[in-house]
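In the working numbering, each number is its position in the sequence shown, counted from 1, plus 21. Built from N, CA and C at the ideal position, the CB exists for glycine as well. The model shown is predicted, which means the values in this text are computed figures rather than measured ones.
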Amino acid sequence: MNLESLDHGDILRILGDLSEESIKVYLWHVSTFNTWISENALSWNDVTRSVVNAYCDKMKKNRNWSINTTITALSALTRFFDGLVEYGVVEDNPSRGAVGDRRVRRSSARIQKRLPVVLFEDEEQRFLEITQVLGLDSPLSFQALRARQIARLLYFTGLREHEAIQLRVADLHLDSDMPVIRVIGKGDREREVPLGPIIQQELLLFLEARETFLRVQKRCTGSQALVFCDAMGGPLSRSGVYYIVSMIFASLGLVKRNKGPHVLRHTFATRQLRAGIPVAVVKTWLGHATLAVTLSVYEHVAEASGKARPV
Numbered sequence: 022m023n024l025e026s027l028d029h030g031d032i033l034r035i036l037g038d039l040s041e042e043s044i045k046v047y048l049w050h051v052s053t054f055n056t057w058i059s060e061n062a063l064s065w066n067d068v069t070r071s072v073v074n075a076y077c078d079k080m081k082k083n084r085n086w087s088i089n090t091t092i093t094a095l096s097a098l099t100r101f102f103d104g105l106v107e108y109g110v111v112e113d114n115p116s117r118g119a120v121g122d123r124r125v126r127r128s129s130a131r132i133q134k135r136l137p138v139v140l141f142e143d144e145e146q147r148f149l150e151i152t153q154v155l156g157l158d159s160p161l162s163f164q165a166l167r168a169r170q171i172a173r174l175l176y177f178t179g180l181r182e183h184e185a186i187q188l189r190v191a192d193l194h195l196d197s198d199m200p201v202i203r204v205i206g207k208g209d210r211e212r213e214v215p216l217g218p219i220i221q222q223e224l225l226l227f228l229e230a231r232e233t234f235l236r237v238q239k240r241c242t243g244s245q246a247l248v249f250c251d252a253m254g255g256p257l258s259r260s261g262v263y264y265i266v267s268m269i270f271a272s273l274g275l276v277k278r279n280k281g282p283h284v285l286r287h288t289f290a291t292r293q294l295r296a297g298i299p300v301a302v303v304k305t306w307l308g309h310a311t312l313a314v315t316l317s318v319y320e321h322v323a324e325a326s327g328k329a330r331p332v
C-alpha cells in the first residue's frame, strides 16, 4: 500500500465499515490531514502524537475549529490509524491520547471507550425470526431470500459486508463435517471461518435457489461466480447491504446509535466471547491483524475461554 498516493478509495478501505454519514465526515477529515502533511513535507510514517497535536492546534487557530470539530477529526484519524495498524503499515496509532486541550482529551477518551453496538439477546431472537429462510409457509422471491441470507451470513460469521459481497461460490466449502468459508479480508489476508449447522444448511439451499435464478436470467453460474449477485450476475453494493440490514433493524423497531451491518459483526464477536470461545480464536475468525485490535473493541467480554466452534 502506497501511503504517498492515497486516493479516496484507499482511505475508505482503510477506514472500514462506517455509517453513510460518518463516511463523508471521516473521509473529509482524513483527506484534509493528508493534504496538510503533504504541504508540510511530511509523510504518514513521519506522523507522531506531536504532529497530530500541531495539526489540531493549527486548525483551531486558522479555521476556528470548535472542540467538537477537533474531537471528530481525532476520531477520524484514530480510526484511520487503527486501520493502518491492522493492515500492518504502521506499528502504533499516534493519534491516541493526542491534543493538549484537557477537555478534548477527556472527551476523546469517552468516545474511544464506548462499547460496540450489538443486538441484545431478545433482539437477536427477533432478528432470526424476521429473517427466517427455512421452513416458511410460502416461498420467498429470490431478491427477498438473498436479502435475508446475506444478513444472516453476517450474523452467523461476523464477516465485514465487503467480504460477504466479494464471496464466490468457490469460497464456500459446505459439503463437509467441518464446513468453512474462505475469506479475503483487510490487507489481502486470507482466513477460514467455520460455519455452524444452521447457516451451512441455509447456504446449501440458497445456492440452489441462486443457480435457478441465474439460469432463468441467463447469467453466469459456476464456482467463480459471486454468491450474492444481482440479476446481471454483478456484485451487490456496500450501500445496498447497509440498506438491507438497516431496513431489517427498522422493522424490529430498534433504537441504536448504529444500524448497519457492523452491528451484526459486533454481535457475532460478543456472542462467541460470552459463550466461552477464546479471544485468540475470535480474533482469527474476525480477521484482525493482532490480538490487540480485538481486545481494544471487546475487552469487556474477552475474559471467558473454552469452546472452539461458533454459536
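If you look at residue 314, you'll find it in the alpha helix (DSSP H) that goes 312–319.
Around the beta carbon of residue 153, a 10 Å sphere encloses fewer than 16 other beta carbons of the protein chains shown; the residue is thus reported as exposed.
In the displayed model, residue 256 falls within a strand according to three-state DSSP. Between residue 94 and the set 271, 54 and 186, the nearest pair of CA atoms involves 54.
Straight through space, the alpha carbons of residue 203 and residue 181 are spaced by roughly 13 Å.
Secondary-structure assignment with DSSP links residue 205 through a beta bridge to 211. Under a 10 Å Cβ-count criterion, residue 89 is classified as exposed, with fewer than 16 other Cβ atoms of the shown protein chains found around its own Cβ. When the five nearest sequence neighbours on each side are left out, the beta carbons in the same chain lying within less than 7 Å of the beta carbon of residue 105 are those of 35 and 111, in order along the chain. Listed in chain order, the alpha helix (DSSP H) elements of length 4 or more contained wholly in the stretch 77–116 are 88–108.
Distance between residue 143 and residue 331, taken at the CA atoms: about 19 Å. If you draw a straight line from the Cα of residue 33 to the Cα of residue 171, it is about 22 Å long.
Note: residue 189 is bridge-paired with 247 in the DSSP secondary-structure output. Taking the CA atoms as reference points, residue 191 sits about 38 Å from residue 66. Of the candidates 210, 216 and 175, the residue whose Cα lies closest to the Cα of residue 195 is 216.
Within 10 angstroms of the beta-carbon of residue 168 lie 16 or more other beta-carbons, which makes it buried. Under the 10 Å beta carbon count, residue 200 is surrounded by 16 or more other beta carbons and is classified as buried. In this structure, residue 249 keeps its C-beta atom at 8 Å or more from the C-beta atom of residue 193.
Collapsing the DSSP output to three states places residue 309 in coil.
Non-local C-beta neighbours of residue 163 in its own chain, meaning closer than 7 Å and more than five positions away in sequence, comprise 230 and 234, ordered along the chain. By the criterion of at least three beta-carbon pairs nearer than 8 Å, the stretch 279–289 is in contact with the stretch 37–46.
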